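Student:
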Amino acid sequence: MKMPGITSRTCILILGLLCSTTSSAQQKILVQMDLQQTDHLKAYGIAYWALTKNLDVDWLLNYRGGSFMMDDNPVLATECSVRGVAFQEVTASTAAQIYAEVQRDDNNMDVVRLEKAPKIAVYVPPGFKPWDDAVTLALEYAEIPYDKLWDAEVLQGKLHEYDWLHLHHEDFTGQYGKFFASFASANWYLEQQAMLEKEARTLGFKKVSELKKAVARTIKEYISGGGFMFAMCSATDTYDIALAAENTDICDVMYDGDPPDPDAQARLDFSKTLAFTDFTLEKNPLRYEYSDIDQPPSDLLAIQNPETDYFTLFEFSAKFDPVPTMLTQNHVNVLKGFLGQTTGFKKACIKKTVIILAQKDGTDQVRYLHGNYGRGTFTYYGGHDPEDYQHAVGDPPTDLSLHKNSPGYRLILNNILFPAAKKKQQKT
Amino acid sequence: MGGLTDKTRNMAQHHRMFLLSMTHGASHTLLRADVALWRCVVAVLCAVLVVSTLHSQTPDMQAKFRLAQGFEQAGEWERAAELYQDLLRNEQGNFAYFDGLERMYVQLKRYEDAISLVRERLNMWPNDPTLLGLLGTVQYRAGREPEAMTAWQRAIAVAPENQQSYRLVANLMIENRLLDRAAEIYRKGRVACHDPQLFTIELAQLLVASMDYAGATEEFLRWLGQNPAQIAFVQNRLAAFTYKDEGRAAATRIVQAHLDDQPTLRLYELLAWLHMEGKDFDRSLEVYRRIDELSGANGVALLGFAEHVFRERAYDVAARAYREALHRPLPAQRVPQARYGHACALKELQIAADSGAVRGWTRGRPADDARTRLAEAVAAFANIVEEYPQTEYSAKSQYQVGLVQLRHFQDLNSASRTFQLVLAEPAVTPSVRIDVQLRMGELFIARADTVNAVAALRVVLSSPGATPDQIDEAQFRLAEIAFFNGHSDDAVKLLATISTNVQNDFANDALEFQVLLQENTGGPPQALVQYGRAEFLARQHKNTEAVQLFTDLVHTYAASPLVDDALLRAGGLLTQAGLYQEAIASYDRILTQFHDQSKMLDRALFRIAEIYQFGLAQPATAISAYERLLSEQAQSVLANQARKRIRALRGETL
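Protein chains in written order, with my numbering: chain C, 5 to 432; chain D, 9 to 662.
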């Protein structure tokens with residue numbers, strides 16, 4: 005029926021206006037995360053930055069390497085340019101097509117809405133330099149802010165102010181990284197020991213190992229209450245060892261002033277750990293190893309060949325297992341290996357309830373795992389620095405501007421964004 | 009069976025303390041220097057001990073003892089303990105058995121058994137300080153801190169005025185990581201032994217380990233007071249923590265406090281050194297004034313300081329220090345050195361002020377302006393020449409004047425005369441002579457006299473004393489001359505040797521020049537010849553003619569790959585002259601007229617942005633220009649630099 009007073013020409017005009025208004029409001033920015041991305045690491049920073057500006061960010065799991073979709077906005081586009089992050093402006097219809105593709109039942113993809121920029125804390129000692137640790141390097145490069153906490157703050161209960169906690173390459177067993185054999189008289193080692201002993205006494209602990217156990221237990225409570233914990237390198241196995249050794253002394257005299265409990269191994273309580281079980285402690289205080297969790301053992305690192313050292317990310321169902329899918333988003337699924345004081349985890353020592361996210365093919369060496377505890381989660385990632393195959397004390401820091409597309413570093417940054425998707429993960 | 013004599017037993021017990029230090033793996037650094045010596049002594053004594061012990065034993069017991077040691081080494085402590093127990097039961101006075109059993113009890117954390125064992129032995133030797141010390145250690149490890157302290161106090165009480173008592177207990181406390189308590193013991197020992205200088209170094213090192221830097225400094229100063237000649241030793245020890253801000257601040261505070269109380273030369277030297285460690289040269293200068301006065305150095309100390317900070321490129325402080333040295337009655341032979349240093353500092357100060365805050369962005373200043381700014385420095389050099397003729401300083405000063413005339417005043421005639429005077433100076437050093445030849449080469453190029461330029465540069469190449477850097481510079485200049493004369497191939501050959509040696513100063517320039525030549529040999533050869541001529545004009549500071557020639561090249565050889573180089577170069581010359589709009593127009597031509605063929609779009613965009621940022625001081629326009637580079641030339645090597653500039657202009661700190 006023709007409306008009185010309105011010509012067809014007017015109708016066309018009105019429709020045209022409506023369309024143009026609609027399409028410009030729904031135009032999107034797609035930050036692709038496949039091989040066309042110029043700076044993957046800063047792309048995470050863009051996503052984080054967008055969240056801090058209360059912009060919605062959609063994480064398109066398994067779509068072009070785990071891309072991000074946001075409403076188009078000149079400020080956002082400029083920020084991408086300034087940070088060197090490649091992006092595409094897509095029309096509303098293209099965006100709709102992308103969403104439809106991602107949400108199709110027969111595609112192993114899904115959309116996760118990121119709602120809130122997580123508040124991040126890093127557990128590091130005073131005097132810590134950001135370039136000492138891969139996670140803080142990644143955070144600094146991606147321009148994601150974080151706070152630093154140490155033992156006093158943890159024991160005072162400050163962890164609950166944060167969504168996500170990273171454990172610096174800490175030795176929770178109180179053995180000062182087991183550097184005694186090589187660096188016992190080095191200034192940095194002596195200062196570190198003196199500082200930790202002073203800290204322990206100030207906080208009312210006779211030994212550093214007792215202090216660290218208390219801190220480990222407090223962190224465990226934080227996870228149980230809904231916190232997200234991420235640990236790399238020696239912070240992974242030493243954390244669990246400290247939990248298991250709650251009622252025994254595993255430190256030798258050069259670490260805590262008295263010999264270890266002769267029955268320490270028998271007194272380990274594996275029910276208290278998060279990820280590891282049935283491991284055997286390394287009793288030699290001069291050996292650069294904590295237990296048999298670490299694979300390969302630190303003594304055998306010299307025979308590792310960087311040219312053939314790779315590990316594979318497992319694939320998960322984006323629709324039914326969004327959490328491990330988020331944690332394994334990458335533009336490649338075979339990654340270069342890298343060593344650390346704790347390089348990988350012996351599969352036989354991993355609890356059955358833990359999800360294995362990556363493993364070195366043909367071996368029992370797990371490189372990346374994730375699990376739940378209480379209302380929170382933990383993720384362990386073996387190795388020290390994804391872009392420094394064998395990092396030694398005193399080596400220069402990694403320059404991430406030379407590794408903008410590092411798949412290894414992407415795994416770290418996946419963990420940082422994942423708490424922003426809190427609501428989504430409860431579905432599983 | 010013979011037992012050990014009391015004397016041997018006591019010796020063994022005292023030296024067991026050091027054995028404990030070794031076997032319990034003490035990770036402290038105290039007495040490091042003594043440890044090696046003591047280890048030798050202990051090894052010898054242990055050998056004597058074991059031999060005497062073994063000689064007093066039956067073969068059966070010897071075998072049992074060896075077996076116990078074997079179990080111990082294998083980590084089978086229970087079995088070792090049983091054997092030691094058995095041995096001790098048969099020979100209660102035997103120290104080695106007692107020691108072994110005590111070790112095993114501690115290893116097994118059977119602290120009660122260990123305490124009983126030590127107490128039994130104390131019943132036999134109640135006033136043995138080593139045993140009392142051992143009792144304290146075992147009690148501490150058993151978690152009985154008050155009892156441990158009591159035992160240690162008893163150990164001291166055996167001989168309260170013997171410094172060894174305090175050393176013994178302090179060492180035991182250090183083994184047990186009671187660093188603060190150990191420091192208290194040392195301090196008490198001082199009082200009890202009526203010797204305030206006792207344990208200075210031990211305490212100092214202990215306080216360093218405890219990160220009590222103020223306390224450590226106090227002790228080192230105490231020691232310095234007794235050993236004033238050992239300032240280097242004290243500096244060396246302080247350096248263990250003065251590299252840290254908080255360490256240096258603590259040390260400075262303490263030294264200053266001591267100075268306020270009793271100023272001495274050594275303390276001033278230490279304070280000056282601390283300020284230098286922190287690169288606080290102004291404060292160092294203040295201190296050096298006092299050092300100079302107190303030491304009666306008549307300016308020599310200030311002169312040494314001036315030379316030091318000059319090398320650190322703190323030219324302002326250097327200039328002041330030289331000036332102050334000159335106001336003092338310096339020894340006559342030092343005066344020209346001070347005057348020369350002062351003149352150099354003035355020159356460097358002015359040059360640093362002129363170069364601007366941004367590397368690579370220089371706007372050429374008019375020569376008249378330079379005369380005014382560098383007048384003081386030139387006058388200073390000229391005075392040296394006049395007052396100290398036929399000396400090394402006269403020659404060097406002449407050279408500096410010539411350099412300023414050449415590079416800043418652009419007064420070629422005066423520079424030429426000055427350099428001739430340098431060459432005529434009898435005291436001129438070979439290195440300066442070669443530098444003069446290089447500058448003459450530069451000068452002749454600026455005069456368009458390539459023949460004499462080549463001659464001067466060839467002198468450098470044939471000089472046996474020429475350094476590799478001087479030779480490279482000569483080669484580079486010869487390559488330039490070849491290019492100016494239209495012989496690009498010869499230029500490329502000359503550049504090849506320089507560009508492969510990445511250590512030298514000219515490597516980058518040589519590479520850039522080489523790339524320019526090699527990339528453009530495919531186009532019309534006359535274009536390259538004209539470019540060379542234009543560049544030659546620029547070298548003669550005939551910038552207007554140079555720009556004209558570059559512009560003509562663009563017009564005449566529009567298809568040549570050189571056009572964007574020419575426009576870029578013209579833009580650079582116009583920028584130097586402060587003709588910013590004209591420079592922008594030149595760069596803009598690359599972006600518009602030669603957009604499709606040019607590979608220098610990013611450089612053009614970057615330079616436009618720089619003009620807006622540094623020349624025209626229009627930050628918003630500069631940001632837009634940098635952003636344009638990012639959007640149009642995202643892959644450019646200049647993109648990162650552009651991003652940094654944007655962030656800086658926005659006031660963001662990274």
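C-beta atoms are modelled at their ideal positions from N, C-alpha and C, and glycine is treated no differently.
Owing to the predicted nature of the structure, the values given are computational and were not obtained by experimental measurement.
So with Cβ pairs under 8 Å, would you call T82 of chain C a contact of chain D?
Tutor: Numbered from its first residue, the first sequence carries residue 82 of chain C at position 78. Yes, T82 of chain C lies at the interface with chain D (some Cβ there is under 8 Å from its Cβ).
Student: When burial is assigned at 16 or more other CB atoms within 10 Å of the CB, is P134 of chain D buried or exposed?
Tutor: Residue numbering aside, residue 134 of chain D sits at position 126 when the second sequence is read from its first letter. The residue is exposed, with fewer than 16 neighbouring Cβ atoms inside 10 Å.
Student: Does the separation of the CB atoms of D60 of chain C and P122 of chain C fall below 8 Å?
Tutor: Numbered from 1 along the first sequence, position 56 holds the residue referred to as residue 60 of chain C. Numbered from 1 along the first sequence, position 118 holds the residue referred to as residue 122 of chain C. Cβ atoms of D60 of chain C and P122 of chain C: not closer than 8 Å.
Student: Contact between the region 288-302 of chain C and the region 88-96 of chain C is defined here as three or more beta-carbon pairs at a separation below 8 Å; is this criterion met?
Tutor: no
Student: Within a Cβ cutoff of 6 Å, which residues of the same chain sit near T13 of chain D, ignoring the five residues on either side of it in sequence?
Tutor: Counting from one through the second sequence, the residue named residue 13 of chain D turns up at place 5. Caution is warranted here: a pLDDT of 38 is assigned to T13 of chain D, below 50, making its placement in the model unreliable, and the coordinate value is therefore given only provisionally. Excluding sequence neighbours, T13 of chain D sits near nothing in its chain.
Student: Kindly say whether V89 of chain C, judged by its beta-carbon, lies nearer than 8 Å to any beta-carbon of chain D.
Tutor: Within the first sequence, residue 89 of chain C is the residue found at index 85, counting from 1. No, no contact with chain D.
Student: With 8 Å as the limit, tell me which residues of the region 204-238 of chain D have their beta carbon closer than that to any beta carbon of chain C; keep them in chain order.
Tutor: A217, S218, M219
Student: Taking any Cβ of chain D, which residues in the region 197-224 of chain C have a Cβ under 8 Å from it, in chain order?
Tutor: Q197, A198, M199, E201, K202, K210
Student: Is the shortest distance between the beta-carbon of N77 of chain C and the beta-carbons of chain D less than 8 Å?
Tutor: The residue you call residue 77 of chain C lines up with position 73 of the first sequence. No, its Cβ sits nowhere closer than 8 Å to a Cβ of chain D.
Student: Mark S124 of chain D as exposed unless 16 or more other C-beta atoms lie within 10 angstroms of its C-beta, in which case mark it buried.
Tutor: As a working mapping, residue 124 of chain D is identified with position 116 in the second sequence. Result: exposed.
Student: Who are the neighbours of D155 of chain C on chain D, taking C-beta pairs under 8 Å?
Tutor: Here residue 155 of chain C corresponds to residue number 151 of the first sequence, with the count starting at 1. Ordered by position in chain D, no residue passes the 8 Å Cβ test against D155 of chain C, which lies about 16 Å from the chain.
Student: Tell me the rounded alpha-carbon separation between L169 of chain C and Q369 of chain C.
Tutor: Start at 1 with the first residue of the first sequence, and residue 169 of chain C comes out as number 165. Start at 1 with the first residue of the first sequence, and residue 369 of chain C comes out as number 365. Distance between the alpha carbons of L169 of chain C and Q369 of chain C is about 25 Å.
Student: Could you name the residues that DSSP lists as bridge partners for S295 of chain C?
Tutor: Taking the first residue of the first sequence as 1, we reach residue 295 of chain C at position 291. The partner list for S295 of chain C (beta bridge, DSSP) reads C:L285.
Student: For a test of the three-state rule: what should DSSP assign to V412 of chain D, helix, strand or coil?
Tutor: Residue 412 of chain D sits at position 404 when you count from the first residue of the second sequence. The answer is helix: DSSP assigns V412 of chain D an H, G or I state.
Student: For my contact list, A150 of chain D and Y113 of chain D are in at a C-beta cut-off of 8 Å; report their separation, rounded to the angstrom.
Tutor: Taking the first residue of the second sequence as position 1, residue 150 of chain D is located at position 142. Taking the first residue of the second sequence as position 1, residue 113 of chain D is located at position 105. No, A150 of chain D and Y113 of chain D are not in contact; Cβ-Cβ is about 10 Å, not under 8 Å.
Student: Are H350 of chain D and L338 of chain D close, meaning C-beta to C-beta below 8 Å?
Tutor: If you number the second sequence from 1, residue 350 of chain D lands on position 342. If you number the second sequence from 1, residue 338 of chain D lands on position 330. Taking 8 Å as the Cβ cut-off, H350 of chain D and L338 of chain D do not qualify as a contacting pair.
Student: Can you have a look at H374 of chain C and say buried or exposed, based on whether 16 or more other CB atoms are within 10 angstroms of its CB?
Tutor: Here residue 374 of chain C is taken as the residue at index 370 of the first sequence, counted from 1. Burial call: buried.
Student: Given this structure, state the Cα-to-Cα distance separating T145 of chain D from A217 of chain D, to the nearest angstrom.
Tutor: Position 137 of the second sequence, counting from 1, holds the residue named residue 145 of chain D. Position 209 of the second sequence, counting from 1, holds the residue named residue 217 of chain D. The alpha-carbon atoms of T145 of chain D and A217 of chain D are separated by roughly 21 Å.
Student: CB-CB under 7 Å to D155 of chain C, same chain, minus the five flanking residues each way: which ones, in chain order?
Tutor: Position 151 of the first sequence holds residue 155 of chain C. Contacts found: E203, L207, L215, V219.
Student: Is the beta carbon of L451 of chain D closer than 8 Å to that of R441 of chain D?
Tutor: In the second sequence, residue 441 of chain D corresponds to position 433, counting from 1. In the second sequence, residue 451 of chain D corresponds to position 443, counting from 1. Contact: no.
Student: Look up K32 of chain C in the DSSP assignment and give the residues it is bridged to.
Tutor: As a position in the first sequence, residue 32 of chain C is number 28, starting the count at 1. Per DSSP, C:D75, C:V94.
Student: Check whether the region 108-118 of chain C touches the region 134-146 of chain C, counting contact only when three or more Cβ pairs, one atom from each stretch, lie closer than 8 Å.
Tutor: The region 108-118 of chain C makes no contact with the region 134-146 of chain C: fewer than 3 CB pairs, one atom from each, lie closer than 8 Å.
Student: State yes or no: is the C-beta of L246 of chain D within less than 8 Å of the C-beta of A259 of chain D?
Tutor: Here residue 246 of chain D refers to the residue found at position 238 of the second sequence. Here residue 259 of chain D refers to the residue found at position 251 of the second sequence. Going by C-beta atoms, L246 of chain D is nearer than 8 Å to A259 of chain D.
Student: Out of D:I592, D:M284, D:L109, D:F492, state which residue places its alpha-carbon closest to the alpha-carbon of Q534 of chain D.
Tutor: In the second sequence, residue 534 of chain D corresponds to position 526, counting from 1. Nearest of D:I592, D:M284, D:L109, D:F492 to Q534 of chain D, Cα basis: D:F492.
Student: Please confirm whether R129 of chain D and L139 of chain D have their CB atoms less than 8 Å apart.
Tutor: Your numbering for residue 129 of chain D matches position 121 in the second sequence. Your numbering for residue 139 of chain D matches position 131 in the second sequence. Closer than 8 Å, so yes.
Student: I need the DSSP call for D151 of chain C, collapsed to helix, strand or coil.
Tutor: Here residue 151 of chain C is taken as the residue at index 147 of the first sequence, counted from 1. Residue state, collapsed to three classes: strand.
Student: Output the distance between the C-alpha atoms of A390 of chain D and Q213 of chain D, rounded to the nearest integer angstrom.
Tutor: Here residue 390 of chain D refers to the residue found at position 382 of the second sequence. Here residue 213 of chain D refers to the residue found at position 205 of the second sequence. Going by the C-alpha atoms only, they are around 54 Å apart.
Student: Pick out whichever of C:A249, C:S275, C:T332 has its Cα sitting closest to the Cα of Q269 of chain C.
Tutor: Taking the first residue of the first sequence as position 1, residue 269 of chain C is located at position 265. Cα-wise, what sits closest to Q269 of chain C is C:A249.
Student: Label F514 of chain D either buried or exposed according to how many other C-beta atoms from any shown protein chain fall within 10 Å of its C-beta, with 16 as the threshold for buried.
Tutor: Start at 1 with the first residue of the second sequence, and residue 514 of chain D comes out as number 506. Result: buried.
Student: Is the beta carbon of V397 of chain C less than 8 Å from the beta carbon of F187 of chain C?
Tutor: Start at 1 with the first residue of the first sequence, and residue 397 of chain C comes out as number 393. Start at 1 with the first residue of the first sequence, and residue 187 of chain C comes out as number 183. Result yes, Cβ atoms of V397 of chain C and F187 of chain C sit closer than 8 Å.
Student: Residues of chain C with a CB under 8 Å from the CB of S639 of chain D: which are they?
Tutor: As a first step, residue 639 of chain D is located in the second sequence; it is residue number 631 there, counting from the start. For S639 of chain D, the residues of chain C that pass the 8 Å Cβ criterion are S85, in the order they occur in the chain.
Student: Which residues in the same chain as L273 of chain D place their Cβ atom closer than 7 Å to its Cβ, once the five residues preceding and following it in sequence are excluded?
Tutor: The sequence position of residue 273 of chain D within the second sequence is 265, counting from 1. I299, L302, S303, listed in sequence order.
Student: Alpha carbon to alpha carbon, how far is L285 of chain C from T277 of chain C? Give it in angstroms, no decimals.
Tutor: Taking the first sequence and counting its residues from 1, the one referred to as residue 277 of chain C is at position 273. Taking the first sequence and counting its residues from 1, the one referred to as residue 285 of chain C is at position 281. About 14 Å.
Student: Helix or strand or just coil, what does DSSP make of W63 of chain C?
Tutor: Working through the first sequence from its first residue, we reach residue 63 of chain C at position 59. In the structure shown, W63 of chain C sits in a strand (DSSP, three-state: E or B).
Student: So, does the region 418-426 of chain D touch the region 462-476 of chain D, judging by three or more C-beta pairs under 8 Å?
Tutor: no
Student: Please return the same chain residues whose Cβ sits closer than 7 Å to the Cβ of Y243 of chain C, not counting the five positions on each side in sequence.
Tutor: Reading the first sequence from its first residue, position 239 is the one you call residue 243 of chain C. The residues are L171, F176, A220, A235.
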